[in-house]
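Participant: Residues in the sequence shown are numbered from 1 upward in steps of one, following the UniProt record's numbering.
Positions of the beta carbon are idealized from the N, C-alpha and C atoms, including for glycine.
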Amino acid sequence: MDPLIISASVALGIGLAIGLERERSQAADGSSEAPAGLRTFALASLAGVASALLSAALVLPVMLLGAALLTAVAYYRSAGRDSGLTTEFALLLTLLLGALAASHPALAAALATVVVLLLHGKSFLHHLARREVTREEMSQALILATAALIVWPLLPDRYMGPLDAWNPHAIWLVVLLVLLAGAVGHVCARVFGDRLGLPISGLFGGFVSSTATVAAMAVLSRQGEGRVHGPVAAALLSSVATYVQMLVLLGATSLSALAALALPLAAGLVVIAAFGGIWLWRSWHEARGGSAGVPGGSIFDWRGAAVFALLFAVLQLVGAATQAWAGNEGLLALSVGAGFADAHAAATSIGAMVGAGKLAPPDAVWPVLGALTANTVSKIVASTAGGARFAVPVALGLVLSTAAAWAAAWLLRLG
Numbered sequence: 001m002d003p004l005i006i007s008a009s010v011a012l013g014i015g016l017a018i019g020l021e022r023e024r025s026q027a028a029d030g031s032s033e034a035p036a037g038l039r040t041f042a043l044a045s046l047a048g049v050a051s052a053l054l055s056a057a058l059v060l061p062v063m064l065l066g067a068a069l070l071t072a073v074a075y076y077r078s079a080g081r082d083s084g085l086t087t088e089f090a091l092l093l094t095l096l097l098g099a100l101a102a103s104h105p106a107l108a109a110a111l112a113t114v115v116v117l118l119l120h121g122k123s124f125l126h127h128l129a130r131r132e133v134t135r136e137e138m139s140q141a142l143i144l145a146t147a148a149l150i151v152w153p154l155l156p157d158r159y160m161g162p163l164d165a166w167n168p169h170a171i172w173l174v175v176l177l178v179l180l181a182g183a184v185g186h187v188c189a190r191v192f193g194d195r196l197g198l199p200i201s202g203l204f205g206g207f208v209s210s211t212a213t214v215a216a217m218a219v220l221s222r223q224g225e226g227r228v229h230g231p232v233a234a235a236l237l238s239s240v241a242t243y244v245q246m247l248v249l250l251g252a253t254s255l256s257a258l259a260a261l262a263l264p265l266a267a268g269l270v271v272i273a274a275f276g277g278i279w280l281w282r283s284w285h286e287a288r289g290g291s292a293g294v295p296g297g298s299i300f301d302w303r304g305a306a307v308f309a310l311l312f313a314v315l316q317l318v319g320a321a322t323q324a325w326a327g328n329e330g331l332l333a334l335s336v337g338a339g340f341a342d343a344h345a346a347a348t349s350i351g352a353m354v355g356a357g358k359l360a361p362p363d364a365v366w367p368v369l370g371a372l373t374a375n376t377v378s379k380i381v382a383s384t385a386g387g388a389r390f391a392v393p394v395a396l397g398l399v400l401s402t403a404a405a406w407a408a409a410w411l412l413r414l415g
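#1: Quick one: what's got a C-beta closer than 6 Å to Thr376's C-beta in the same chain, skipping five residues either side?
#2: Spatial neighbours of Gly24 within its chain, please: CB distance less than 8 Å, with the 5 preceding and 5 following residues excluded, ordered by chain position.
#3: State the DSSP-derived secondary structure class of Met1, mapped to helix, strand or coil.
#4: For Gly121, is the classification buried or exposed, using 16 other Cβ atoms within 10 angstroms of its Cβ as the cut-off for buried?
#5: Taking the alpha-carbon of Leu12 as reference, which of Ala72, Thr94 and Leu69 has the nearest alpha-carbon?
#6: Quick one: give me the first and last residue of the alpha helix (DSSP H) that Gly48 is part of.
#7: Can you tell which of Val232, Thr242 and Arg222 has its C-alpha closest to the C-alpha of Gly205?
#8: So, at 7 Å on beta carbons, what are the nonlocal neighbours of Ala347 in its own chain, with the 5 sequence-adjacent residues on each side left out?
#9: Less than 6 Å between C-beta atoms, sequence neighbours within five positions excluded: which residues of the same chain meet that for Ala141?
#10: Should the segment 348-357 be called in touch with the segment 384-398, which here means at least 3 C-beta pairs below 8 Å?
#11: Could you tell me which residues DSSP puts in a beta bridge with Trp166?
#12: Hey, could you find the ends of the alpha helix (DSSP H) Ser378 is sitting in?
#13: Suppose you measure from the CA of Val73 to the CA of Val10; what does that come to, to the nearest Å?
#14: By the three-class DSSP mapping on this structure, what secondary structure does Val228 have?
#15: Relative to the C-alpha of Val116, which residue among Arg413, Leu38, Leu180 and Pro362 is closest?
#16: Could you check if Ala110 is buried or exposed, using at least 16 other CB atoms within 10 Å of its CB as the buried criterion?
#17: Restricting to Cα atoms, I'd like to know which of Met1, Leu414 and Leu317 is closest to Met160.
#18: If Leu92 and Ala67 are in contact, beta carbons under 8 Å, what's the gap, nearest whole angstrom?
#19: For Ala343, which residues in the same chain have their Cβ closer than 7 Å to its Cβ, ignoring the five residues on either side in sequence?
#20: Below 8 Å on the Cβ atoms is my guess for Trp152 versus Leu176; work out the distance and round it to an integer in Å.
#21: From Ala147, Val59, Arg158 and Leu58, pick the residue whose C-alpha is nearest to that of His169; which is it?
#22: Alpha helix (DSSP H) containing Ile143: first to last residue?
#23: Whole angstroms are fine: how far does the CA of Pro231 sit from the CA of residue 421?
#24: Please classify Ser349 as buried or exposed, where buried requires at least 16 neighbouring CB atoms within 10 angstroms.
#25: Is Pro199 closer than 8 Å to Ala233 when the C-beta atoms are compared?
#26: Quick one: what does DSSP say Gly206 is sitting in, helix, strand or coil?
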């Protein structure tokens with residue numbers, strides 16, 4: 001098909017989609033005379049694509065200026081009934097999207113879809129901003145955005161320090177992943193409510209510290225008036241997070257290390273996810289409460305993320321020194337020792353060493369699995385605080401998932 005026809009068709013679709021949403025929204029609000037509707041938006045988008053396709057360079061700016069003047073007049077006339085600027089800005093954006101469709105129709109269509117979603121979600125977004133999101137959550141969301149969009153790009157992406165052990169860019173990425181996981185877990189708990197809130201909180205709590213999550217669920221199981229399925233599901237799902245985060249962090253630090261460990265970790269992930277799914281199903285049928293969301297509060301644990309990053313940096317330094325002095329055998333002992341505290345940091349440190357060319361990918365398998373095994377022991381010990389009804393199913397899922405990871409690694413070695 002002629003690219004010009006594609007661009008014009010996309011522009012027309014953009015105008016019709018945004019115009020239809022505005023038309024229905026204004027009709028629902030009781031507006032008898034709207035400043036812009038279906039036809040206006042369609043014409044604006046077509047004017048944009050036509051202006052972009054014309055050879056004269058000033059056509060599009062002139063068209064945009066004219067649309068802005070007409071929009072200002074329309075706003076002045078309707079300000080008494082509706083002081084908002086949403087429709088007026090949407091009209092100008094529609095003209096620009098129509099112009100963008102002349103050169104990048106796919107991008108223009110995608111942006112138009114986002115615009116329609118934002119316009120259509122007016123009630124939900126207003127309710128979310130005014131009633132659901134607390135001041136503390138907003139402040140922490142801004143902190144997370146600052147850490148991701150301002151701090152991280154400015155950090156040097158190279159190894160430095162003693163024994164060239166530290167990469168500030170990679171260390172901060174670990175911090176961002178931990179913070180983001182906590183934020184996602186908080187949002188899910190707010191959305192899905194108390195029936196699924198506990199398992200979801202356990203899943204995303206595992207991204208920060210699965211051992212701490214298991215210990216917390218063990219305490220809850222004793223206080224839950226006989227309800228043990230939810231805490232067990234949360235504890236098992238926190239180990240799902242352990243495997244997922246190990247895979248993500250290995251991929252972030254070294255794709256070759258990820259390739260060497262993908263099958264063993266995936267085997268363990270499948271087993272623990274199956275156990276977690278079974279207990280999640282039981283928790284769903286055990287719960288008899290409502291589905292109201294959990295109250296607002298802190299969306300992530302920045303102290304836990306800072307401690308994790310510090311541990312990761314220390315392990316990178318100690319790992320580099322151990323390998324320099326004792327070789328890979330000493331690295332295995334170090335990983336096992338560190339795994340009792342946190343398997344994520346140990347695995348990420350090993351992956352960073354592979355990424356830096358200090359360790360061959362096959363040599364990373366046994367230290368990472370050693371750290372995973374030591375961490376499993378820590379979780380089993382933590383689960384005993386919940387009594388036999390809690391500890392036995394948690395320990396069974398943990399042992400079988402770890403065994404599956406080791407079995408997959410041995411099969412790879414034999415193959």
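Facilitator: Quick answer:
#1: By the criterion of a C-beta distance shorter than 6 Å, Thr376 is surrounded in its chain by Leu398 and Thr402, once the five residues flanking it on both sides are discounted.
#2: Inspection of the sequence shows that residue 24 is occupied by Arg rather than by Gly. Once the five neighbours on either side are set aside, Arg24 has no close Cβ partner at all.
#3: In this structure, DSSP gives Met1 a state outside helix and strand, which the three-state scheme calls coil.
#4: The residue is exposed, with fewer than 16 neighbouring Cβ atoms inside 10 Å.
#5: Taking only the C-alpha atoms, the option nearest Leu12 is Thr94.
#6: Note, Gly48: alpha helix (DSSP H), Leu38 to Leu53.
#7: Minimum Cα distance to Gly205 is reached at Thr242.
#8: Hits under 7 Å: Met246, Leu249, Leu250, Val368 and Ala371.
#9: Around Ala141, the same chain offers no residue with a beta carbon nearer than 6 Å, after the five sequence neighbours per side are excluded.
#10: Verdict: no, contact absent.
#11: Paired residues: Met160.
#12: Here the alpha helix (DSSP H) through Ser378 covers Val365 to Ser383.
#13: Here the alpha carbon of Val73 sits roughly 28 Å from the alpha carbon of Val10.
#14: DSSP, reduced to helix, strand and coil, places Val228 outside both helices and strands of the structure shown, so it counts as coil.
#15: Answer by Cα proximity: Leu38.
#16: Ala110 is exposed by the Cβ-count criterion.
#17: The residue with the shortest Cα to Cα distance from Met160 is Leu317.
#18: The Cβ separation is near 6 Å, so the contact holds.
#19: Result list for Ala343: Thr242, Met246, Ala371, Leu372 and Asn375, in chain order.
#20: The C-beta distance from Trp152 to Leu176 rounds to 6 Å, short enough to meet the 8 Å contact threshold.
#21: The candidate whose alpha carbon is nearest that of His169 is Arg158.
#22: Element bounds for Ile143: Arg135 to Thr146.
#23: Residue 421 lies beyond the range of the chain shown here (1 to 415); nothing can be said about it.
#24: Ser349 comes out buried.
#25: Result yes, Cβ atoms of Ala233 and Pro199 sit closer than 8 Å.
#26: Note: Gly206 maps to helix in three-state DSSP.
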